[in-house]
Amino acid sequence: MSLTYTAGSLVAARGREWVVLPESGPDMLVLRPLGGSEDDIAAVFPAFEEVRPAEFAAPSPADLGDQRSAGLLRTALRIGFRSGAGPFRSLASIAVEPRAYQLVPLLMALRQRTVRLLISDDVGIGKTVEAGLIAKELLAQGEATRLAVLCSPALAEQWQSELREKFGIDAELVLASTVSRLERGLELGQSLFDKHPYTIISTDFIKSTRHREDFVRRCPDLVIVDEAHSCVAADDAGQGATSSSNQLRYELLRKVSADADRHLLLLTATPHSGKESAFRNLLGLVRPELATVDLESPAGRAKLAEHFVARKRADVREYLTKEDGLADDSLAERTAFPSDRWTKDEPYKLAPAYRALLDDAIAYARDRVTAAGEQGRREARIAWWSVIALLRSMVSSPAAAAQTLKTRSESATARTAQEADALGSPVASDSAENDRLEGMDVAPGAAESEEAGARLLELSKRAAKLVGPTEDAKLKALTRHLKGLIADGYHPIVFCRYIPTAEYLATQLEGKLGKKTKIAAVTGTLSPQQRLERIEQLAAEAAEEADDPAVRRVLIATDCLSEGVNLQHHFDAVVHYDLAWNPTRHDQREGRVDRYGQKRDQVRVITMFGEDNGIDGKVLEVLFMKHRQIMKDLGISVSVPDETASGVTDAVVEWLLLHGRQGSQESLFDLDSHQESFDRIEREWNSAAEQEKTSRSKYAQRAIHPEEVAREVAAVRAALGGADEVRGFALEALRDLDALVRDPRDGSGDFTAQAGGTPAGLRDALAATLGGRLVEEDRAIPFRTTPAIGRGEAALVRTDPAIGAIASYVLDSALDANTPGPRPARRCGVVTTDAVTLRTTLLLVRYRFHLTLPSRTGERQLVAEDARLLTYEGMPSRARWLDDDATAALLAARATANTHEQLVRNQIARDLDGLPDLAGHLTEYGTRLAAELDASHRRVRKANEEIVRGLKVVPQEPADVLGVYVYLPQQPGAAASVAPAASASTVSGAEA
């Protein structure tokens, strides 16, 4: 007859000890290894395999460690926890340590029965991590069972990587390029949204009628929408391609959000583009009532605050300080954003041959627009967009010019003037709201028939002859700027508008920037996945010569990389080779490197412009100067309304066609013919800036007070450990495991370690996380205090895989006395120290808890773990228990005298024999801890009575005593310090 095991009890099977989980039944046990993660869960059938009750063995007095053993073993244990008992079920199992400010959206989410949030933090703060935290927590709690992320196809692979590597969520890509393969694997009548619980879906793909209806019918109960501002349109939006596309996405999201029980997270750094109706439509997706709520009233703003979070970098650069209303700075967190952008506008002048070519191109454009204007509205608009394409390519590069001059204009196929605008505008402009960057870097055409006219072909041939630094002054200037950045230690990205320009630069720059400079180009000719692979390949090539300080990386890219892709780990400067016609595009480019995780305190930005090409100077004067002034005044970037940017660039082109380059020295603002237009533009932009300023101040995050965040951060750190503890653990453990550690003590906290001399088991584990070559060749592994790390580096946070590997080895070797080689932590120790005046014993105790967590889908039964240090004075039978502060102080105690070997054995034996006398207090402490955990769960969910009703936290008895450490007071007259070498009859404090 088989035994029945209750959830939380210990059993022995398959040569190891396991915890029985609530999903177990009489015939099948669902088990998790003691101290293991959810990934290690196994099913065991007692009828076919031997399963027996197990008790956690007490420490052995024969296996003694030094005074550091308690701290090392406790940290190793806590790092290994993947199923903590606190209210945040997921924090122990993710591979990223969130910043304190990133917990705010999570706390807001846990107070809602159905999570509806608009997360509008500034660029680079970490909206992806904030959304991932919420998704992981809802899935871990059973509040959600399936997940869909809607995003641009260019960002799909990055979302997939972030979810998998940081949150352990393995999502399937649903893109136009993958859907055929996915559908072939479906059963009859099955939807791919049924088969794959976690998906990342292209918004452009899913918005079509055929796929939209299938998605809406089978939509997951948790949806994340990236760049949500591109999924709404203003009520007065025109009929252009962008607004039409936005309208289709808006219709999709309206249907998705219509289910009041569906969790919905909307992410955007620009929720308010100056159009109140678009902002209201966005809010209406969160909650229908928010679309019409009076946001001027305190009650209306309070209602919005429950669902809306928007913070600038300045709001979170220093967080949980006394300025936030806290009593002290003990929990203060400083986030390493770059403190400044060094920006400089660098002019260049055209070479004579290039100047003559541009003059002839302008003359052709003038003649073409004049002739087309006499033919009708359709012909005029086709000619207009063809001319803009010609001029933009001409000032980009000779390669782009040559391509454009012999290619047919996309707008030439239009049947109406409106269709010509719809086809020509996306290719020629740089829309602030254009999330569809795919294909936008193709060089546009200027010819208006299948075969380019003789005049255009002649210009094309002339352009092709101007390649190289002799005739291309812009290329020559770029080479000079890049050499300066490289000499100062920077790794720059050069952004271009068109594919031919990027490929031209990559070819021309090869070998011109020094032998140690690696160059690569990334354009829209590559798939999103291939782009990331090309960047990683460039980084890997440079990393192979990382010991050489002269090695640099230079990336040439089009705007296919200007949104979403994170490049801060590999690059720290931006060169705008082609001036965009909307400053927002520059912000997007710079935001790829100027964000959280950038190691440079100052990011450099160089904006190149042609001071005599008739275009760049005026765009810079009108658009960029105004944009920079608004950013200086508000501290944030305000998107330029598309109509504003288009109005300016149209005026620039009109002026150029009328006056040629020779009139370029006059200011557009001095021209009476354009004054009314520019006054209107000024009013529109000021209005957008004022609305953004009002939005940021009026709707600032006030739903969660910093004191509430501080309380939860303190609880998490108490259960899981903080950054200082992890760093100290890694340093001590690696040294004890015979790694070659170099700690520069330069104030950064960073250090390096070579693992070649460590035990084989640890080397194998590190190779699996950091790369086999790094470990096999015994290279220095950088351990960094920032969680934002590059390839082959380890972050000094508990969730880093390399730290986990070290902790696992320390814990396993402590529990197995037969482990060969060095064992940094032991389960027993006796120390003589002047830190105590009475005999004091420290216990490392592991508690298991049976949790009943109510949710919308029913109750979930879980088994969780927690580790605590308890301290008492005197003998076990008459123990006087000390508080947490005394226990923490004891961890820092060091041996100040040798301890006689026989005394060591006698003292540890007394405590081990007296463990039964401590059982009552350990049980009482576990009950008290369970009550604290219960209160913590209820506090986090305090606004949701339905979810906390039925919550239970019950301790599983008995607790496991992992370590026993005795501290003896130093006797008067004893040695003042530990002897360098103890005699046979004594044990030094460092060896006891």
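Note that the sequence shown covers residues 10 to 1001 in this note's numbering.
For glycine and all other residues, C-beta sits at the position ideal for the given N, C-alpha and C.
Fair warning: this is a prediction, and the values are worked out from it, not measured in the lab.
Residue 611 and residue 346 have their C-alpha atoms roughly 9 Å apart. It is roughly 38 Å from the alpha-carbon of residue 601 to the alpha-carbon of residue 375. Taking all protein chains shown into account, residue 365 has fewer than 16 neighbouring C-beta atoms within 10 Å of its C-beta and is therefore exposed. Looking at the DSSP output, residue 870 sits in a beta bridge with 861.
The shortest CA-to-CA distance from residue 605 to any of 966, 562 and 138 is the one to 138. Counting along the chain, residue 121 sits inside no alpha helix (DSSP H), nor does DSSP assign it H or E at all. Take the alpha-carbon of residue 321 and the one of residue 542: they are about 32 Å apart. If you compare the alpha carbons of 588, 299 and 964 with that of residue 400, the shortest gap goes to 588.
Rounded to the nearest whole angstrom, the C-alpha separation of residue 352 and residue 157 is 39 Å. Residue pairing for residue 354: DSSP places it in a beta bridge opposite 616. When rounded, the separation of the alpha-carbon atoms in residue 185 and residue 266 is 24 Å.
Looking from the CA of residue 873, the closest CA among 660, 915, 618 and 90 belongs to 90. Of the candidates 409, 147, 304 and 76, 409 places its Cα closest to the Cα of residue 475.
With contacts defined by Cβ atoms closer than 9 Å, residue 584 and residue 484 do not form a contacting pair. For residue 806, no beta strand (DSSP E) run applies, since DSSP gives it neither H nor E. Exclusion of the five residues before and after residue 385 leaves no residue of its chain whose Cβ lies closer than 6 Å to its Cβ. Within the DSSP bridge table, the entry for residue 526 names 561 as partners. Beyond the five residues adjoining it in sequence on each side, residue 254 comes within less than 6 Å, by CB distance, of no other residue in the same chain. Under the three-state reduction of DSSP, residue 604 is assigned to coil, being neither helix nor strand.
Residue 303 and residue 19 have their C-alpha atoms some 58 Å from each other. In the DSSP assignment, residue 842 is bridged to 978.
Per DSSP, residue 14 has no beta bridge partner at all.
Residue 35 is classed as exposed because its beta carbon has fewer than 16 other beta carbons within 10 Å across all chains shown. With fewer than 16 neighbouring CB atoms inside 10 Å of its own CB, residue 66 falls in the exposed class. Here residue 638 is exposed. Its C-beta has fewer than 16 other C-beta atoms within 10 Å. Burial is judged here by how many other beta carbons sit within 10 angstroms of a residue's own beta carbon; residue 833 has at least 16 and is buried.
Around residue 943, the same chain offers 960 and 962 as residues with beta carbons nearer than 7 Å, after the five sequence neighbours per side are excluded.
Residue pairing for residue 469: DSSP places it in no beta bridge.
In the pairwise beta carbon analysis, the stretch 256 to 265 is classified as touching the stretch 223 to 236: at least three pairs are separated by under 8 Å. The alpha-carbon of residue 183 is positioned some 6 Å away from that of residue 209.
Here residue 129 is near residue 278, since their CB atoms are less than 9 Å apart. Taking a 10 Å sphere around the C-beta of residue 331, we find fewer than 16 other C-beta atoms and assign the residue as exposed. The straight-line gap separating the alpha-carbon atoms of residue 334 and residue 140 is approximately 27 Å. Between the alpha carbons of residue 912 and residue 72 lies a distance of about 15 Å. Remark: C-beta atoms of residue 178 and residue 142 do not approach each other more closely than 9 Å. The continuous stretches of beta strand (DSSP E) do not include residue 220, which lies in the alpha helix (DSSP H) extending over residues 218 to 226.
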